[in-house]
Every structure is written in structure tokens, then in C-alpha cells.
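Below: one structure, written as C-alpha cells.
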Amino acid sequence: MSSMWELLLCLINSPQYSSFICSKFNASSSPPFLSYKEIVRYLKAVKCNDTLGLRKLRDKIPFYLCKSGDFVSAVHSLLLPFNNLACCTACRITPFQFEIYLKMFRTGSVPCGNNFHDPGEWISVGSPVKNSILIKHALKLLYCNLSLYRNPKCWSSLIMVLGSSTTLEKNGHVNPVSLKEPPHDFQEMVVSVSCVLLNELKTKVNVSLPSNVFSGPLQLEACLILTVQAVQQMLLNDLPYLSSFLEITLAFGNNFWALRLLLNGLSCEEHILHGTINLLLRDLNFQKATMLHLWKKLGPQYVGELLCLYLTCRNRKMQSIGIFIIHLISENLYMCPWAKHLCNFLNTGLRKLPLGTTTDHEVAKFIAVLEKL
2 MSSMWELLLC LINSPQYSSF ICSKFNASSS PPFLSYKEIV RYLKAVKCND
52 TLGLRKLRDK IPFYLCKSGD FVSAVHSLLL PFNNLACCTA CRITPFQFEI
102 YLKMFRTGSV PCGNNFHDPG EWISVGSPVK NSILIKHALK LLYCNLSLYR
152 NPKCWSSLIM VLGSSTTLEK NGHVNPVSLK EPPHDFQEMV VSVSCVLLNE
202 LKTKVNVSLP SNVFSGPLQL EACLILTVQA VQQMLLNDLP YLSSFLEITL
252 AFGNNFWALR LLLNGLSCEE HILHGTINLL LRDLNFQKAT MLHLWKKLGP
302 QYVGELLCLY LTCRNRKMQS IGIFIIHLIS ENLYMCPWAK HLCNFLNTGL
352 RKLPLGTTTD HEVAKFIAVL EKL
């Protein structure tokens with residue numbers, strides 16, 4: 002039994018060998034003539050005494066469906082229990098696998114190799130799923146897997162993928178895009194239906210998203226707004242379990258309007274807002290060197306807009322994030338040659354915006370330092 006083909010034939014025709022085969026089955030050894038669709042068909046048909054071993058193999062069915070280019074079937078198979086095996090594959094996927102699935106669904110591309118962790122380039126094998134299907138099932142995955150739901154990496158992955166193009170770099174990196182801020186009446190309309198939709202995604206099997214919103218010209222923006230509302234709900238209910246908030250904010254990229262929507266939405270619950278801000282300040286304090294390196298890469302335009310976002314918040318506590326960033330840059334100017342370009346940007350961006358006395362003073366000192374560079 003030197004090939005998977007022979008192993009699978011034995012598995013189907015000789016039940017007495019099932020436990021042995023389950024222990025020997027390895028997708029990485031698949032022969033070129035055995036297609037992924039055939040693997041899926043065999044995995045659905047086989048019977049095995051080793052229930053846990055078989056479940057582990059069947060958990061790869063959605064991945065193999067993606068490899069065959071059938072992304073729609075892959076999306077649905079993640080959430081469907083298989084025969085008498087408890088729960089569905091979604092209950093057992095890891096944050097890393099969650100991100101890989103999102104990338105595959107968004108781009109129609111898959112990683113080379115037969116396993117998630119196999120090195121190699123990504124290649125296009127089919128058409129991406131519709132954005133309405135992507136957001137609906139991504140949120141369902143989060144809701145049915147508590148370890149994913151409470152992991153900031155998973156929320157940042159979803160935000161990052163929604164804010165990227167449908168093409169990937171060969172190394173699997175996404176290409177960020179800047180989504181123009183949609184009209185405020187559109188934002189308010191999506192926010193108004195979000196509560197009902199999110200509740201249905203948690204409790205119902207079949208959920209339909211309004212096609213005029215999630216299949217229209219602003220469908221990606223609508224998906225991002227719905228995700229923002231889901232993040233707000235997560236923070237309201239599970240903030241104590243969250244290990245980080247910084248990576249969630251970074252995932253928005255240049256889509257500052259969506260980040261502002263998230264932060265403004267937290268203002269209705271003062272204790273949640275303060276808890277989130279304290280978590281973000283802790284993250285920034287622990288990641289000072291990382292942030293300085295990242296800001297160098299992203300440039301003064303990004304840092305300037307980020308500063309304006311925090312400094313112009315009505316909540317004084319939120320303004321403290323901007324003050325922290327100002328102090329961090331001021332204390333490390335030798336590492337921030339790009340900082341001199343912030344001067345004109347801040348003078349323009351903050352000129353007519355209402356700031357508190359403390360914030361005014363800190364900004365004035367910072368601009369004075371920048372003008373001397």
C-alpha cells in the first residue's frame with residue numbers, strides 16, 4: 002500500500018483495516034492522479050472505527066474543496082455536521098486556518114501544497130465567493146467557535162480581508178485597499194439593521210442579508226460596517242477575555258472612517274470604552290519599538306490621519322491615545338525622520354477642530370518640536 006489511492010481502496014473495501022489506514026493516511030503523499038474532489042468523495046464515503054482519526058481527516062474536506070476551486074461548497078461544508086460526528090469542522094478550526102479560509106474565499110486563490118502549513122506560493126484556482134456569502138459565513142464561524150470569537154487575531158483577519166483586493170501576492174499577503182467613506186445615511190441604515198442580522202446569524206441556520214445593501218455598489222463597505230457592529234458587540238460582552246485591541250485597530254489600514262465608527266459606537270458604554278482604551282494603551286506601551294517600525298513603513302500620511310482620529314474624539318480618554326503617540330514619537334525622533342512631514346498635516350487637520358485644553362497644549366508643543374526639524 003504505497004499510495005493514498007491504495008490506502009483509500011482498502012479503507013472502502015476492507016473495514017478491518019480502517020484503524021490502520023486512518024493512522025497512515027497523509028494528504029501530503031497524494032499522487033498526482035488523485036484529484037481533491039476524489040479525496041473528498043472518498044472521505045465522505047469511508048467508514049472507520051477510529052472516529053476521532055476519521056473526524057480529523059474529514060475536517061480537511063473544506064480545504065480540499067477550496068483546492069479543487071469549489072469555494073461555495075467549502076464555505077457550507079465548514080458549518081455542516083457530518084453524519085454522526087459531533088459538531089462541525091468550524092468548531093475545531095484554528096485562528097491560523099480561519100485566516101487562510103478567509104483569504105481563499107475572498108480571492109479564489111489557494112496555497113500550494115496539501116496542508117495549511119505547507120510552504121509555497123498561492124495560485125488562483127477559481128472565482129471568489131460573493132461578499133455577502135463571505136461575511137455571513139465568516140461571522141457564523143466566529144459565533145460557533147468561542148476560541149475564535151475571543152481571539153483578536155480572528156477579528157483583525159476578517160477586517161483586513163474585507164479591506165483588501167481580490168488578488169493576493171504570491172506569498173499569500175493581501176493587498177490593502179482604501180474604501181471611500183460611504184454616505185452617512187448609508188452607514189446609519191446598515192447600523193440600524195445590524196443588530197437583527199447579527200442576532201439571526203447567531204441563532205438561525207439560514208439567514209438572508211438584504212441584497213440591496215450587501216450586493217449593491219457599496220457591498221464591501223456594508224460588510225465592513227456589519228463587522229464593526231459585530232466587534233462592538235464582542236467588546237460589550239467579552240472585553241475581559243480579549244488579550245489585545247491594537248491589532249484590531251491596525252487591521253483597518255487606511256479605512257479610518259470604519260475605525261472611527263467602531264470607536265464612536267463604544268462611547269455609549271463608558272466602562273467598555275475605558276476598558277478598551279486601557280487595553281489599547283497597554284498594547285502600545287508594550288509594542289513601542291514595533292509601532293515605530295510600522296509607522297516608518299506606513300509613512301507620515303497614515304500617522305497624521307491616525308493622530309487626527311484620536312485627537313479629535315470628543316471623549317477625553319480617547320484623546321489620550323493621540324497624546325501617547327505624540328510622546329512616543331517625540332521621545333524617539335532619531336528613529337522618526339519622517340516625523341517632520343507631520344507638521345503641515347497637523348496644522349491643517351487640527352486647525353478648526355475642537356480640542357481640550359490639555360490636548361491643545363500637547364499638540365502645540367509637538368508641532369513646535371516638528372518645526373525645528
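Here the sequence shown stands for residues 2 to 374, where the numbers follow the numbering used here. By construction, the Cβ of each residue, glycine as well, lies at the ideal position given by its N, Cα and C atoms. Remember, predicted model here, so these are calculated numbers, not experimental data.
*Three or more C-beta pairs closer than 8 Å, one from the region 134-143 and one from the region 199-213: is that the case here?*
yes
*Quick one, are the C-beta atoms of residue 60 and residue 93 less than 8 Å apart?*
Within the sequence shown, numbered from 1, the residue matching residue 60 stands at position 59. Within the sequence shown, numbered from 1, the residue matching residue 93 stands at position 92. Cβ atoms of residue 60 and residue 93: closer than 8 Å.
_Distance between residue 298 and residue 243 (C-alpha atoms, nearest Å)_ = Start at 1 with the first residue of the sequence shown, and residue 243 comes out as number 242. Start at 1 with the first residue of the sequence shown, and residue 298 comes out as number 297. Cα to Cα, the separation comes out at about 27 Å.
_Short Cβ contact (8 Å threshold) for residue 82 with residue 107_ = On the sequence shown, position 81 is the one that residue 82 refers to. On the sequence shown, position 106 is the one that residue 107 refers to. No, Cβ-Cβ distance for residue 82 and residue 107 is not below 8 Å.
*Starting from residue 111 and walking both ways along the beta strand (DSSP E), at which residues does that stretch end?*
If you number the sequence shown from 1, residue 111 lands on position 110. In the DSSP assignment, residue 111 falls within the beta strand (DSSP E) that extends over 110-112.
_For residue 119, the nearest candidate out of 290, 64 and 257 (CA to CA)_ = In the sequence shown, counting from the first residue as 1, residue 119 sits at position 118. Minimum Cα distance to residue 119 is reached at 64.
*Run of the beta strand (DSSP E) containing residue 166, from where it starts to where it stops*: Along the sequence shown, read from residue 1 onward, the residue named residue 166 stands at position 165. 165-169 is the span of the beta strand (DSSP E), which, as asked, contains residue 166.
*What's the C-alpha gap between residue 311 and residue 57?*
Locating residue 311 in the sequence shown gives position 310, counting from the first residue. Locating residue 57 in the sequence shown gives position 56, counting from the first residue. Answer to the nearest angstrom: the Cα atoms are 46 Å apart.
*Answer with buried or exposed for residue 335, where buried requires no fewer than 16 other C-beta atoms within 10 angstroms of its C-beta.*
Walking along the sequence shown from the start, residue 335 turns up at place 334. With fewer than 16 other CB atoms across the displayed protein chains lying within 10 angstroms of its CB, residue 335 is exposed.
*May I ask you to report which of helix, strand or coil DSSP gives residue 124?*
Sequence index remark: in the sequence shown, residue 124 carries index 123 (1-based). In this structure, residue 124 counts as strand in the three-state DSSP scheme.
*Apart from the five residues on each side of it in sequence, which residues of its chain come closer than 8 Å, Cβ to Cβ, to residue 251?*
Locating residue 251 in the sequence shown gives position 250, where the first residue counts as 1. Around residue 251: 157 and 295.
*Please classify residue 124: is it buried, with 16 or more other beta-carbons within 10 angstroms of its beta-carbon, or exposed?*
To locate residue 124, count along the sequence shown from 1; it is residue 123. That one is exposed.
*Give the straight-line distance between the Cα atoms of residue 366 and residue 327, rounded to the nearest whole angstrom.*
As a first step, residue 366 is located in the sequence shown; it is residue number 365 there, counting from the start. As a first step, residue 327 is located in the sequence shown; it is residue number 326 there, counting from the start. Taking the straight line from one Cα to the other gives about 10 Å.
_Stretch pair the region 230-246 + the region 267-282: three plus CB contacts closer than 8 Å_ = Touching, yes.
*Anyone know if the C-beta pair for residue 178 and residue 169 falls short of 8 Å?*
Position 177 of the sequence shown holds residue 178. Position 168 of the sequence shown holds residue 169. When the beta-carbon positions are compared, residue 178 and residue 169 stay at least 8 Å from each other.
_Less than 8 Å between C-beta atoms, sequence neighbours within five positions excluded: which residues of the same chain meet that for residue 225?_
In the sequence shown, the residue the question calls residue 225 occupies position 224. Result list for residue 225: 160, 163, 164, 180, 256 and 259, in chain order.
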